[in-house]
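Accompanying notes for the structure given below.
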Amino acid sequence: MPTTTEKSWKPPRPGQIRPSLPSKPRLKSRPPKPPAKIPGQMSQPIETDQELSLIDHLLELRNRLIRSVVVIAVAMLAMAPFARKLYTIISEPLVSRLPEGTSMIAIDVASPIFAPFKLILILAILVAMPYVIYQAWSFVAPGLYQHEKRIAKPLLAAATVLFYLGCLFAYFIVLPVIFTFITKIAPEGVAVMTDINRYLDFVLVMFLAFGFSFEVPVVTVVLVAIGVVTPDDLARMRGYVVVGVFFIAMLITPPDMISQTLLALPVWALYEIGIVFSRMVHRERTEEDEARETGPAE
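Letter by letter, the sequence shown follows residues 424 to 721 in this note's numbering.
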């Protein structure tokens, strides 16, 4: 049945604005009902945003791992033609100190092939390390807070540089001192000849030992930044750390006091440097906490 408004409505005259009809109230649409569950039928899993996000993260992690492996492979292929030259360089600390008439030997049949191959693989990983760290950082960074990113960036850069410095320290200082000492104390009539594969293993262990030992400042700063210890705690533990450093050096270096001291003293010095930087981080963190507490009151 027509309403009163619809009865009184007349067409507009020429030039007259046409009045709009009153709008009817809209009914709210109800959400569709879920389908009825059939007895004996298993319910289907519902995909959530969290599951999709997890899949995306796994795909991103896979892509970044593939990129890192590709870069390592490219670096390895680029160094493959120079494998023999690279092994000559890495063996120079020992070969230059061998007595006249002696040289390195290959005990295993495949050692002349596998030793240079192992060397270029390790060198490729070391060369590609900044890119691998960048890929790891790009994967983790979106989940960090701004203050965490501000601390993590310089720490990653410092960790990379310190690792390289540790390897260079081992090659230019530690290895020449060790091999000079070994060749000097060798009994008369004993020819010092080392297998090329065992020599490479020894050098790689020394590189890793000194490379990771040089990360002590980074470790101390991280421990202070996350609140595990304070700079005062690190200073009080100095004596225990020095004893522990000499004990670890005894385990991972040749059984002589020279190599143990060459590892322990730099680590001790780096520990003191780490305490200095950790005080700076602790002071900055304390100021931020005080500003956060006094901010709302003002």
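Don't be surprised by glycine CBs; every beta carbon is placed ideally from N, CA and C. As the structure is a prediction and not an experimental result, all values here were calculated from the model.
Looking at C-alpha atoms only, which residue of the options is the closest neighbour of residue i?
i: R661; options: T525, I698, V642; result: I698
i: L598; options: V615, M629, L585; result: M629
i: F637; options: S701, S561, G589; result: G589
i: L686; options: S701, V665, N486; result: V665
i: F586; options: V494, I513, L631; result: L631
i: I596; options: P516, M502, E483, E695; result: P516
i: E695; options: V563, D531, L591, A658; result: A658
i: P539; options: V555, T525, Y510; result: Y510
i: L484; options: V494, S561, S514, K508; result: S561
i: V668; options: T653, V639, P654, I649; result: V639
i: I489; options: T684, L693, Y554; result: Y554
i: I649; options: G524, V704, K541; result: V704
Please state whether DSSP places residue i in a helix, a strand or coil.
i: D712; result: helix
i: L544; result: helix
i: D618; result: strand
i: I530; result: coil
i: Y568; result: coil
i: V668; result: helix
i: M660; result: coil
i: A496; result: helix
i: T583; result: helix
i: E470; result: Low local confidence applies: a pLDDT of 42 at E470 is under 50, so the model's placement there is unreliable, with the coordinate-based value given in what follows. E470: coil per DSSP, three-state reduction.
i: V645; result: helix
i: G612; result: coil
i: E638; result: coil
i: E695; result: helix
i: R706; result: helix
i: E523; result: coil
i: T717; result: helix
i: K430; result: Unreliable positioning characterises K430 in this predicted model, as indicated by a pLDDT of 49, which lies under 50. The coordinate reading is nonetheless provided below. Looking at K430 - three-state DSSP - the assignment turns out to be helix.
i: D479; result: helix
i: D655; result: helix
i: G589; result: helix
i: S514; result: coil
i: P535; result: helix
i: D624; result: helix
Is the distance from the Cβ of residue i to the Cβ of residue j below 8 Å?
i: A593; j: F633; result: yes
i: I528; j: M616; result: yes
i: S534; j: D618; result: yes
i: A498; j: A547; result: yes
i: T606; j: P522; result: yes
i: S682; j: I608; result: no
i: I556; j: L627; result: no
Nearest-angstrom Cα distance between residue i and residue j?
i: V492; j: K572; result: 25 Å
i: I574; j: A581; result: 11 Å
i: R706; j: V647; result: 10 Å
i: M723; j: R715; result: In the structure as shown, the chain begins at 424 and stops at 721. Residue 723 is therefore absent and cannot be evaluated.
i: I543; j: F537; result: 10 Å
i: L688; j: L481; result: 43 Å
i: F604; j: D679; result: 9 Å
i: L674; j: I478; result: 44 Å
i: L475; j: S519; result: Because L475 carries a pLDDT of 49, less than 50, the predicted location of this residue cannot be relied on, and the following value inherits that uncertainty. So the alpha carbons of these two residues sit roughly 60 Å apart.
i: I731; j: V644; result: Given a span of 424 to 721 for the chain in the structure shown, any question on residue 731 remains unanswerable.
i: V613; j: V651; result: 53 Å
i: G566; j: T583; result: 22 Å
i: Q558; j: A496; result: 16 Å
i: K576; j: D656; result: 25 Å
i: E711; j: N620; result: 53 Å
i: S701; j: V641; result: 9 Å
i: F635; j: T709; result: 29 Å
i: Q569; j: P677; result: 45 Å
i: L549; j: M502; result: 12 Å
i: W384; j: A506; result: Lying before the first or after the last residue shown, residue 384 is absent from the chain, which here runs from 424 to 721.
i: I530; j: L623; result: 13 Å
i: V494; j: L579; result: 19 Å
i: T684; j: R487; result: 40 Å
i: V532; j: Y663; result: 47 Å
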